[in-house]
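Participant:
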Amino acid sequence: IQPDEITYLGVLSACNHSGMVDQARNFFAKMRSDQRIEPSLAHYGCMVDLLGRAGLVKEAYEIVKNMPMNPNSIVWGALLGACRLHNDEPMAELAAKKILELEPDNGAVYSLLC
């Protein structure tokens with residue numbers, strides 16, 4: 004059985020919630036190189052969340068910057084949550100600004116900035 008996009012999303016999510024950063028990086032790379040599966044917005048979002056939870060906020064931001072598609076408010080929200088968790092105020096302000104550009108009425112952003 005060949006893994007597909009959904010299989011990889013499940014594996015990345017499991018790595019995310021288990022703190023398995025290196026394994027997730029390997030699976031993320033293999034899905035492209037071995038399986039020729041292009042990551043979706045959900046795959047990128049999962050990686051941003053994983054790296055952010057692990058305290059790798061700058062690396063998470065690099066993923067956001069280099070995504071081949073425009074990040075949505077969920078991806079920016081994952082980065083914002085990581086910034087709050089790891090006290091990265093400048094990056095939090097950037098992520099909040101991006102969320103508000105996408106969703107001007109999103110009041111939850113303000114609570115994450117406090």
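If you count by our numbering, then the sequence shown holds residues 4 to 117, one letter each, in order. Don't be surprised by glycine CBs; every beta carbon is placed ideally from N, CA and C.
Quick one, are the C-beta atoms of residue 88 and residue 98 less than 8 Å apart?
Facilitator: In the sequence shown, residue 88 corresponds to position 85, counting from 1. In the sequence shown, residue 98 corresponds to position 95, counting from 1. No. Outside cutoff.
Participant: Rounded to whole angstroms, what's the CA-CA distance from residue 76 to residue 101? Just pull it up for me.
Facilitator: For the purposes of this step, residue 76 is identified with residue 73 of the sequence shown, where counting begins at 1. For the purposes of this step, residue 101 is identified with residue 98 of the sequence shown, where counting begins at 1. Distance between the alpha carbons of residue 76 and residue 101: 8 Å.
Participant: Count the other CB atoms, across all protein chains shown, that sit within 10 Å of the CB of residue 46; report buried if there are 16 or more and exposed otherwise.
Facilitator: Within the sequence shown, the letter at position 43 stands for residue 46. Buried: at least 16 other Cβ atoms inside 10 Å.
Participant: In its own chain, which residues sit with a C-beta less than 7 Å from the C-beta of residue 72, not counting the 5 before and 5 after it?
Facilitator: As a first step, residue 72 is located in the sequence shown; it is residue number 69 there, counting from the start. For residue 72, where only same-chain residues beyond five positions count, the Cβ hits under 7 Å are 44.
Participant: Ordered along the chain, which non-local residues of its own chain (more than five positions away) have a Cβ less than 7 Å from that of residue 1?
Facilitator: For residue 1 there is no data in the structure shown, the boundaries of the chain being 4 and 117.
Participant: Here's the rule I'm using: 16 or more other beta-carbon atoms within 10 Å means buried, otherwise exposed. How should residue 29 be labelled?
Facilitator: Translated into positions along the sequence shown, residue 29 becomes position 26. Per the 10 Å Cβ criterion, exposed.
Participant: Spatial neighbours of residue 34 within its chain, please: CB distance less than 7 Å, with the 5 preceding and 5 following residues excluded, ordered by chain position.
Facilitator: Locating residue 34 in the sequence shown gives position 31, where the first residue counts as 1. Answer for residue 34: 11, 40, 42, listed in chain order.
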